[in-house]
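Chemist: Start counting the sequence shown at -16; every next residue gets the next number (this note's numbering). Each residue gets a CB set at the ideal place from its N, CA and C atoms; glycine is no exception. Just so it is clear, the structure is predicted and the values come from calculations on it, not from any experiment.
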Amino acid sequence: MNIVFGQADLSDIDELIRMRIAYMIDDFGSISDEEREGMEKQLPDYFARKLGTELIAFVAKDGNRIVSVAYLHIIEMPANSILLNGLYGDVLSVYTEPEYRGQGLCTKLMNNLVAYGKEKGLGRIDLKATSEGLPIYKKVGFIEKEARYTNMQYKI
(Lines of atoms letter the chains of each structure in order from A and count residues from 1; the text may use other names and numbers.)
(Lines give C-alpha, C1' and ligand atoms only; values in the text may rest on other atoms or scores of the structure.)
Protein backbone atom coordinates (compact mmCIF):
# COMPACT_ATOMS: atom_id res chain seq x y z
CA MET A 1 0.00 0.00 0.00
CA ASN A 2 1.39 3.35 -1.12
CA ILE A 3 -0.94 6.15 -0.04
CA VAL A 4 -0.53 9.52 -1.76
CA PHE A 5 -2.33 12.64 -0.50
CA GLY A 6 -3.45 15.50 -2.70
CA GLN A 7 -6.39 17.33 -4.22
CA ALA A 8 -8.68 15.74 -6.76
CA ASP A 9 -8.91 17.19 -10.25
CA LEU A 10 -11.24 16.67 -13.20
CA SER A 11 -9.62 13.32 -14.05
CA ASP A 12 -10.86 12.02 -10.67
CA ILE A 13 -14.58 12.66 -11.24
CA ASP A 14 -15.53 9.00 -11.67
CA GLU A 15 -13.75 8.12 -8.42
CA LEU A 16 -15.37 11.06 -6.61
CA ILE A 17 -18.78 9.86 -7.74
CA ARG A 18 -18.00 6.33 -6.53
CA MET A 19 -16.87 7.69 -3.15
CA ARG A 20 -19.91 10.00 -2.82
CA ILE A 21 -22.26 7.07 -3.38
CA ALA A 22 -20.27 4.89 -0.96
CA TYR A 23 -20.49 7.69 1.63
CA MET A 24 -24.27 7.95 1.18
CA ILE A 25 -24.71 4.18 1.57
CA ASP A 26 -22.50 4.19 4.66
CA ASP A 27 -24.31 7.18 6.17
CA PHE A 28 -27.89 6.12 5.40
CA GLY A 29 -27.52 2.33 5.33
CA SER A 30 -28.68 2.08 1.72
CA ILE A 31 -29.85 4.14 -1.22
CA SER A 32 -32.55 3.36 -3.73
CA ASP A 33 -31.89 2.79 -7.43
CA GLU A 34 -33.64 6.12 -8.08
CA GLU A 35 -31.32 7.94 -5.65
CA ARG A 36 -28.23 6.31 -7.18
CA GLU A 37 -29.37 7.22 -10.71
CA GLY A 38 -30.08 10.80 -9.60
CA MET A 39 -26.60 11.18 -8.12
CA GLU A 40 -24.93 9.55 -11.12
CA LYS A 41 -26.80 12.00 -13.36
CA GLN A 42 -26.13 15.20 -11.36
CA LEU A 43 -22.63 14.68 -9.97
CA PRO A 44 -20.51 14.65 -13.18
CA ASP A 45 -21.67 18.12 -14.20
CA TYR A 46 -21.53 19.43 -10.63
CA PHE A 47 -17.94 18.25 -10.14
CA ALA A 48 -16.94 19.54 -13.59
CA ARG A 49 -18.24 23.03 -12.71
CA LYS A 50 -17.27 23.33 -9.04
CA LEU A 51 -14.21 21.14 -8.44
CA GLY A 52 -11.12 23.19 -7.68
CA THR A 53 -13.01 26.46 -7.20
CA GLU A 54 -15.98 26.23 -4.82
CA LEU A 55 -15.39 22.59 -3.96
CA ILE A 56 -11.95 21.31 -3.02
CA ALA A 57 -11.68 17.53 -2.68
CA PHE A 58 -8.82 16.40 -0.46
CA VAL A 59 -8.03 12.78 -1.28
CA ALA A 60 -5.87 9.87 -0.27
CA LYS A 61 -5.12 7.51 -3.14
CA ASP A 62 -3.84 3.98 -3.22
CA GLY A 63 -2.65 3.84 -6.80
CA ASN A 64 -5.36 5.43 -8.95
CA ARG A 65 -8.09 4.54 -6.46
CA ILE A 66 -9.37 7.17 -4.03
CA VAL A 67 -9.67 5.49 -0.63
CA SER A 68 -10.41 8.51 1.54
CA VAL A 69 -11.93 11.91 0.77
CA ALA A 70 -12.92 15.14 2.53
CA TYR A 71 -14.64 17.99 0.69
CA LEU A 72 -14.28 21.66 1.52
CA HIS A 73 -17.18 23.71 0.14
CA ILE A 74 -16.10 27.35 0.01
CA ILE A 75 -18.95 29.77 0.56
CA GLU A 76 -18.98 33.53 0.07
CA MET A 77 -21.55 35.63 1.87
CA PRO A 78 -21.90 39.33 2.67
CA ALA A 79 -19.15 40.38 5.07
CA ASN A 80 -20.01 40.73 8.74
CA SER A 81 -18.14 41.48 11.96
CA ILE A 82 -16.84 37.90 12.17
CA LEU A 83 -16.20 37.21 8.45
CA LEU A 84 -14.69 40.42 7.17
CA ASN A 85 -14.02 38.95 3.74
CA GLY A 86 -17.25 36.94 3.72
CA LEU A 87 -15.50 33.62 3.10
CA TYR A 88 -15.97 30.44 5.09
CA GLY A 89 -15.88 26.72 4.45
CA ASP A 90 -18.19 23.82 5.11
CA VAL A 91 -16.81 20.28 5.32
CA LEU A 92 -18.86 17.70 3.43
CA SER A 93 -18.89 13.94 2.96
CA VAL A 94 -15.75 12.87 4.80
CA TYR A 95 -15.38 9.19 3.99
CA THR A 96 -12.74 6.47 4.19
CA GLU A 97 -13.23 3.02 2.73
CA PRO A 98 -13.65 0.51 5.59
CA GLU A 99 -10.41 -1.41 4.93
CA TYR A 100 -8.40 1.84 5.17
CA ARG A 101 -9.90 3.14 8.41
CA GLY A 102 -7.81 3.54 11.55
CA GLN A 103 -4.65 4.44 9.64
CA GLY A 104 -4.75 8.22 10.08
CA LEU A 105 -5.90 9.02 6.55
CA CYS A 106 -8.83 11.17 7.64
CA THR A 107 -6.70 13.06 10.16
CA LYS A 108 -4.16 13.85 7.43
CA LEU A 109 -6.89 14.94 5.00
CA MET A 110 -8.50 17.17 7.62
CA ASN A 111 -5.15 18.76 8.52
CA ASN A 112 -4.58 19.44 4.79
CA LEU A 113 -8.09 20.89 4.52
CA VAL A 114 -7.56 23.23 7.49
CA ALA A 115 -4.16 24.36 6.16
CA TYR A 116 -5.78 25.14 2.81
CA GLY A 117 -8.56 27.10 4.52
CA LYS A 118 -6.02 29.19 6.42
CA GLU A 119 -4.00 29.80 3.26
CA LYS A 120 -7.12 30.97 1.40
CA GLY A 121 -8.15 33.31 4.23
CA LEU A 122 -11.35 31.56 5.27
CA GLY A 123 -12.84 33.07 8.40
CA ARG A 124 -13.96 29.69 9.75
CA ILE A 125 -14.61 26.11 8.72
CA ASP A 126 -17.85 24.42 9.79
CA LEU A 127 -18.78 20.77 9.89
CA LYS A 128 -21.39 18.44 11.28
CA ALA A 129 -19.76 15.47 12.99
CA THR A 130 -20.95 11.92 13.39
CA SER A 131 -20.04 10.20 16.64
CA GLU A 132 -17.37 8.24 14.73
CA GLY A 133 -15.79 11.38 13.30
CA LEU A 134 -15.98 13.56 16.41
CA PRO A 135 -12.68 12.39 17.98
CA ILE A 136 -10.80 12.95 14.71
CA TYR A 137 -12.18 16.46 14.25
CA LYS A 138 -11.40 17.38 17.86
CA LYS A 139 -7.84 16.08 17.40
CA VAL A 140 -7.46 18.37 14.37
CA GLY A 141 -8.70 21.35 16.42
CA PHE A 142 -12.41 21.66 15.68
CA ILE A 143 -14.54 22.65 18.66
CA GLU A 144 -18.20 22.23 19.37
CA LYS A 145 -19.93 25.54 18.82
CA GLU A 146 -22.67 27.04 20.87
CA ALA A 147 -25.48 28.29 18.72
CA ARG A 148 -27.40 31.45 19.38
CA TYR A 149 -29.83 30.46 16.70
CA THR A 150 -31.92 27.34 16.18
CA ASN A 151 -30.83 25.32 13.15
CA MET A 152 -33.88 24.98 10.88
CA GLN A 153 -34.70 24.12 7.29
CA TYR A 154 -37.63 24.22 4.90
CA LYS A 155 -37.87 21.17 2.63
CA ILE A 156 -39.17 21.81 -0.84
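Output the distance between the C-alpha atoms of L117 and I139, rounded to the nearest integer angstrom.
Modeler: If I take the Cα positions, the gap works out to 30 Å.
Chemist: Hey, quick one: how far does the beta strand (DSSP E) through L75 stretch, first residue to last?
Modeler: Where L75 is concerned, the enclosing beta strand (DSSP E) stretches over L70 to T79.
Chemist: Indicate the three-state DSSP secondary structure (helix, strand or coil) for F125 in the structure shown.
Modeler: The answer is coil: DSSP assigns F125 none of H, G, I, E or B.
Chemist: Measuring only the C-alpha atoms, how far is K114 from L26?
Modeler: Looking at the sequence itself, residue 114 is Ser, so the reference to Lys does not match. Their Cα atoms are separated by approximately 27 Å.
Chemist: Taking the alpha-carbon positions, what's the D(-3) to M135 distance?
Modeler: Those two C-alpha atoms are separated by around 33 Å.
Chemist: Name the residue from L70, Q86, A112 and D(-5) whose alpha carbon lies nearest to the alpha carbon of P61.
Modeler: Per the Cα distances, L70.
Chemist: Can you give the beta carbon distance from L55 to G100, rounded, assuming they're within the 8 Å contact cut?
Modeler: Right, the Cβ-Cβ distance comes to about 7 Å (below 8 Å), so this counts as a contact.
Chemist: Could you check whether D45 and I58 sit closer than 8 Å to each other, using their CB atoms as the reference points?
Modeler: For I58 and D45, no; Cβs fall outside 8 Å.
Chemist: Roughly how many whole angstroms lie between the Cα atoms of G35 and D(-8)?
Modeler: Cα-Cα distance, rounded: 7 Å.
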